[in-house]
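Enquirer: In order, the protein sequence lines correspond to chains A and B.
According to the numbering used here, the first sequence is numbered sequentially starting from 108.
According to the numbering used here, the second sequence is numbered sequentially starting from 108.
By construction, the Cβ of each residue, glycine as well, lies at the ideal position given by its N, Cα and C atoms.
As the structure is a prediction and not an experimental result, all values here were calculated from the model.
Number of protein chains: 2
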Amino acid sequence: MQEPVYIAGVGSCLPGTPVDSASLAKALGVDPDWVETYIGTRTRHFVRDPATGEARWSLADLCARAADRAMQDAGLEPSDVEFAVLATATPDALMPATVNQAAEQLGLNLLPTYQLQSGCAGAIQALDLAAGLLACGRHRVGLVLGGDVCAKHLDPFAAAAGGLGSLSPGELVSYLVFGDGAGAAVVTARPAGRAWALRRVLNRLTGAGREPGQTVEWYGAADRDRGPQAPRPVREDYKAIEQSVPAMAAEIVWELLDDLGWRAEDLDYVLPPQLSARMTPRVVEQLGVPAAAEVSCVADTGNTGNALPFLQLERLAGVIRPGQRALAVAVESSKWIKAGLALEAA
Amino acid sequence: MQEPVYIAGVGSCLPGTPVDSASLAKALGVDPDWVETYIGTRTRHFVRDPATGEARWSLADLCARAADRAMQDAGLEPSDVEFAVLATATPDALMPATVNQAAEQLGLNLLPTYQLQSGCAGAIQALDLAAGLLACGRHRVGLVLGGDVCAKHLDPFAAAAGGLGSLSPGELVSYLVFGDGAGAAVVTARPAGRAWALRRVLNRLTGAGREPGQTVEWYGAADRDRGPQAPRPVREDYKAIEQSVPAMAAEIVWELLDDLGWRAEDLDYVLPPQLSARMTPRVVEQLGVPAAAEVSCVADTGNTGNALPFLQLERLAGVIRPGQRALAVAVESSKWIKAGLALEAA
Chain A
108 MQEPVYIAGV
118 GSCLPGTPVD
128 SASLAKALGV
138 DPDWVETYIG
148 TRTRHFVRDP
158 ATGEARWSLA
168 DLCARAADRA
178 MQDAGLEPSD
188 VEFAVLATAT
198 PDALMPATVN
208 QAAEQLGLNL
218 LPTYQLQSGC
228 AGAIQALDLA
238 AGLLACGRHR
248 VGLVLGGDVC
258 AKHLDPFAAA
268 AGGLGSLSPG
278 ELVSYLVFGD
288 GAGAAVVTAR
298 PAGRAWALRR
308 VLNRLTGAGR
318 EPGQTVEWYG
328 AADRDRGPQA
338 PRPVREDYKA
348 IEQSVPAMAA
358 EIVWELLDDL
368 GWRAEDLDYV
378 LPPQLSARMT
388 PRVVEQLGVP
398 AAAEVSCVAD
408 TGNTGNALPF
418 LQLERLAGVI
428 RPGQRALAVA
438 VESSKWIKAG
448 LALEAA
Chain B
108 MQEPVYIAGV
118 GSCLPGTPVD
128 SASLAKALGV
138 DPDWVETYIG
148 TRTRHFVRDP
158 ATGEARWSLA
168 DLCARAADRA
178 MQDAGLEPSD
188 VEFAVLATAT
198 PDALMPATVN
208 QAAEQLGLNL
218 LPTYQLQSGC
228 AGAIQALDLA
238 AGLLACGRHR
248 VGLVLGGDVC
258 AKHLDPFAAA
268 AGGLGSLSPG
278 ELVSYLVFGD
288 GAGAAVVTAR
298 PAGRAWALRR
308 VLNRLTGAGR
318 EPGQTVEWYG
328 AADRDRGPQA
338 PRPVREDYKA
348 IEQSVPAMAA
358 EIVWELLDDL
368 GWRAEDLDYV
378 LPPQLSARMT
388 PRVVEQLGVP
398 AAAEVSCVAD
408 TGNTGNALPF
418 LQLERLAGVI
428 RPGQRALAVA
438 VESSKWIKAG
448 LALEAA
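Here it is, written out as structure tokens:
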């Protein structure tokens, strides 16, 4: 990136009221102290109504609201937006792309849209892409979205009602760590709104020869009835994740600082990976940036996948002052993607 | 696009041996003459073995082979590739992204990868994105992939064995029009290999206020057991498609010609939308480019979704001569996306 591009505004949308760990632990038949000790996440939001099981929001709904807020934050209108990028692991459907359903709600039309299939690195991959499209002079204003909804795979209250005997410990953990949500940023080729300069974006697959740390399947009509023969829908290799993420996160920080010629003590804020409220502090410890204040949301929101960096950027907006610097770091464990960005407030 | 980028090589991969309409019609209990009259597609390829139902290739497998051929065609090596983009409606899994599984097979690592969730316009959206990433000076060589595998939704031989009474006429048509496959192109910032100059790429959502013409669902564990309550997996509004696609295709041609200052008679080849072997000639008739030779593959391959424009580009490579011009046109009926590209052979 020769010239910086700018983040003009940020916004988010979390569905419904927070679901606390006590009620979730009760539904799942898990000891609440165990949740507190090993997960640490206090609340998360779900599109499903715990009482009825009804999914009350689509991902497109959450994205459209987050985008509205980001545009308001930037002081820009939908008519200013020249392209849209959405990153998600869990689109509402395979087609139409969720970005286009969100565009419908936002009144966006006659523009290019892109939807990335991505995991925890997705928000930064989408910002990376948007930065490229702005830097090449094609566009002046872009809308970047990220979000996930786990309702199709993880329905803790229904799972609890149906008996949890078939769940592996890893699957049980997945019910406790994930939450639903969406976030958005408005990006611009020239300073506008908040005018945070995006100094660098890192986005690199590093997975060659490594087993995936996370797998999420989808089922089609032809394999719906395969029952137990079907692959496990959500598999997380939490051991590999715990082993690899802290070191990868530290490498991302070093690389961004080196590339920019920034010293660790020049850094005011760090937005670390948000796996769980217990895991994040262990990652932060190893980053080697003790002077930087941590900006995290996972204890309140759970792991919302592609929404996370946007939720953190929104929190950052509440504290960052002109001239201050921040790094965001994301690691995608599916196929081991390193992602990060460096920004400077105007 | 200020400066053109270049297509250096193209390649494709179609799984197994072609399945002819006679055997498919027999399995589905459909009159072969009806297939010939209303669909026209003669053969298609499936990753599933018709005899055993086993899926013998993943989309990643097909993409990796198509990419190998495109790199060979370009005279470039995997080590030359600086980024990869894959467009698909039907990824092997939600995570890891199929582009990263294909990268593994190709030995690509330490590079940014992007996977677009897209339909028939996807190949051109991916080329659009790649052109942007090359034009901004970030990269010199990119690999662009597109493909679809319908095995998870459409298993005609199993459906036939299980009784077809529950299929709507639209679903029956879907069994007959779609096929599996992948295609690839190597794109470069400077002329290399075939050195086709990509003069213009059009990629525009035009779906505001219009019902989707195509919907493809995915199922998760939590909704696998909803049975008949679950939404229909693949819904095509063939009437809306027949009404809208010819006019949209013609508009795409006019816009590309106008933007470039090309006259219809300057055009040597046209690569039209490939819905079915019966539909494509009706589209071509309305394009207003009678002097341009049609480059189509649908009668042999079926509608392979995100692979199609690459399959057509591969056929174009067999006939185009230096200085000749071609337009490719794609319409995505899910949420009505107009897409097209204009190229000129070196």
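Tell me the rounded alpha-carbon separation between Arg151 (chain A) and Leu382 (chain A).
Expert: If I take the Cα positions, the gap works out to 13 Å.
Enquirer: How is Gln321 (chain B) classed by DSSP in three states: helix, strand or coil?
Expert: strand
Enquirer: Could you tell me the boundaries of the alpha helix (DSSP H) in which Thr144 (chain B) lies?
Expert: Run containing Thr144 (chain B): Pro139 to Tyr145, per the alpha helix (DSSP H) assignment.
Enquirer: Following the continuous alpha helix (DSSP H) through Val206 (chain A), name the residue where it begins and the one where it ends.
Expert: Val206 (chain A) -> alpha helix (DSSP H) spans Thr205 to Leu213.
Enquirer: When burial is assigned at 16 or more other CB atoms within 10 Å of the CB, is Gln350 (chain A) buried or exposed?
Expert: exposed
Enquirer: For Met202 (chain A), return the contacting residues in chain B, with the cut-off set at a CB-CB distance below 7 Å.
Expert: Ala196, Gly226, Gln321, Thr322, Val323 and Ser441
Enquirer: Can you tell me whether Lys442 (chain A) is buried or exposed? The criterion is at least 16 other CB atoms within 10 Å of its CB, across all chains shown.
Expert: buried
Enquirer: Less than 7 Å between CB atoms is the rule here; does Gly300 (chain B) satisfy it with respect to chain A?
Expert: no
Enquirer: What would DSSP say about Met108 (chain B), mapped onto helix, strand or coil?
Expert: Because Met108 (chain B) carries a pLDDT of 47, less than 50, the predicted location of this residue cannot be relied on, and no value is offered for it.
Enquirer: Taking only beta-carbon positions, decide if Ala134 (chain A) is within less than 7 Å of chain B.
Expert: no
Enquirer: Which bits of chain B does Lys259 (chain A) rub up against, with CB to CB less than 8 Å?
Expert: Trp325, Tyr326, Gly327, Ala328, Ala329 and Asp330
Enquirer: My parser needs the beta strand (DSSP E) runs of 3 or more residues fully inside the region 399 to 443 of chain B; what are they?
Expert: The qualifying runs are 432 to 439.
Enquirer: Residues of chain B with CB closer than 8 Å to the CB of Arg311 (chain A), please, in chain order.
Expert: Leu217, Leu218 and Pro219
Enquirer: Step through the CB atoms of chain A and report whether any lies within less than 7 Å of the CB of Gly314 (chain B).
Expert: yes
Enquirer: In this structure, does DSSP put Lys259 (chain B) in helix, strand or coil?
Expert: coil
Enquirer: Mind checking the region 232 to 262 of chain A against chain B and listing, in chain order, the residues whose C-beta falls within less than 8 Å of any C-beta there?
Expert: Gln232, Asp235, Leu236, Gly239, Leu240, Ala242, Cys243, Gly244, Arg245, Ala258, Lys259, His260, Leu261 and Asp262
Enquirer: Residues of chain B with CB closer than 8 Å to the CB of Pro65 (chain A), please, in chain order.
Expert: This structure gives no information on residue 65 (chain A), because the portion of chain A shown stretches from 108 to 453.
Enquirer: Just list the residues that DSSP pairs Asp127 (chain B) with in beta bridges.
Expert: B:Thr150
Enquirer: Please determine, among B:Gly368, B:Leu363, B:Ala204 and B:Ser130, the residue with the shortest C-alpha to C-alpha distance to Val192 (chain B).
Expert: Restricting attention to B:Gly368, B:Leu363, B:Ala204 and B:Ser130, the CA atom closest to the CA of Val192 (chain B) is found in B:Ala204.
Enquirer: Along chain B, which residues have their Cβ under 9 Å away from the Cβ of Gly214 (chain A)?
Expert: Ala315
Enquirer: Would you mind working out which of B:Arg297, B:Arg389 and B:Asp199 sits nearest Val245 (chain B), comparing C-alpha positions?
Expert: For the sequence presented, residue 245 (chain B) should be read as Arg rather than Val. The shortest Cα separation from Arg245 (chain B) among B:Arg297, B:Arg389 and B:Asp199 belongs to B:Arg297.
Enquirer: Where Pro111 (chain B) and Gly147 (chain B) are concerned, what is the direct C-alpha to C-alpha distance, given to the nearest angstrom?
Expert: 37 Å
Enquirer: Within 7 Å (strictly less), CB to CB, does Gln381 (chain A) reach chain B?
Expert: no
Enquirer: Do you know offhand how far Gln212 (chain B)'s Cα is from Gly286 (chain B)'s?
Expert: 23 Å
Enquirer: Compare the C-alpha of Gly412 (chain A) against each of A:His260, A:Leu166 and A:Gly288 and name the closest.
Expert: Among A:His260, A:Leu166 and A:Gly288, the Cα nearest to that of Gly412 (chain A) belongs to A:Gly288.
Enquirer: Counting beta carbon pairs with one atom in the region 152 to 161 of chain B and one in the region 117 to 130 of chain B, are three or more of them shorter than 8 Å?
Expert: yes
Enquirer: Consider the Cβ of Leu223 (chain A): report whether some Cβ of chain B lies at a distance smaller than 7 Å.
Expert: yes
Enquirer: Quick check: the Cα distance between Val248 (chain A) and Ala238 (chain A), rounded to an integer number of angstroms?
Expert: Going by the C-alpha atoms only, they are around 10 Å apart.
Enquirer: Counting only Cβ pairs nearer than 8 Å, list the residues of chain A close to Glu211 (chain B).
Expert: Gly314, Ala315, Gly316 and Lys442
Enquirer: If you drop the 5 nearest sequence neighbours on each side, which residues of the same chain put their C-beta closer than 7 Å to that of Glu401 (chain A)?
Expert: Val377, Pro379 and Val391
Enquirer: Looking at Ala433 (chain B) and Ala446 (chain B), is the spacing between their C-beta atoms short of 7 Å?
Expert: no
Enquirer: Please name the residue, chosen from A:Leu135, A:Ala371 and A:Asp235, that lies closest to Val284 (chain A) on a Cα-to-Cα basis.
Expert: The shortest Cα separation from Val284 (chain A) among A:Leu135, A:Ala371 and A:Asp235 belongs to A:Leu135.
Enquirer: Looking at the secondary structure, which residues open and close the alpha helix (DSSP H) in which Thr387 (chain B) lies?
Expert: Met386 to Glu392
Enquirer: Bridge partners of Thr295 (chain B), per DSSP?
Expert: B:Tyr113 and B:Val248
Enquirer: Find the nearest neighbour of Asp187 (chain A) within the set A:Gln208, A:Tyr113 and A:Met178, judged by alpha-carbon distance.
Expert: A:Met178
Enquirer: How many Å lie between Val206 (chain B) and Asp168 (chain B) at the Cα?
Expert: 10 Å
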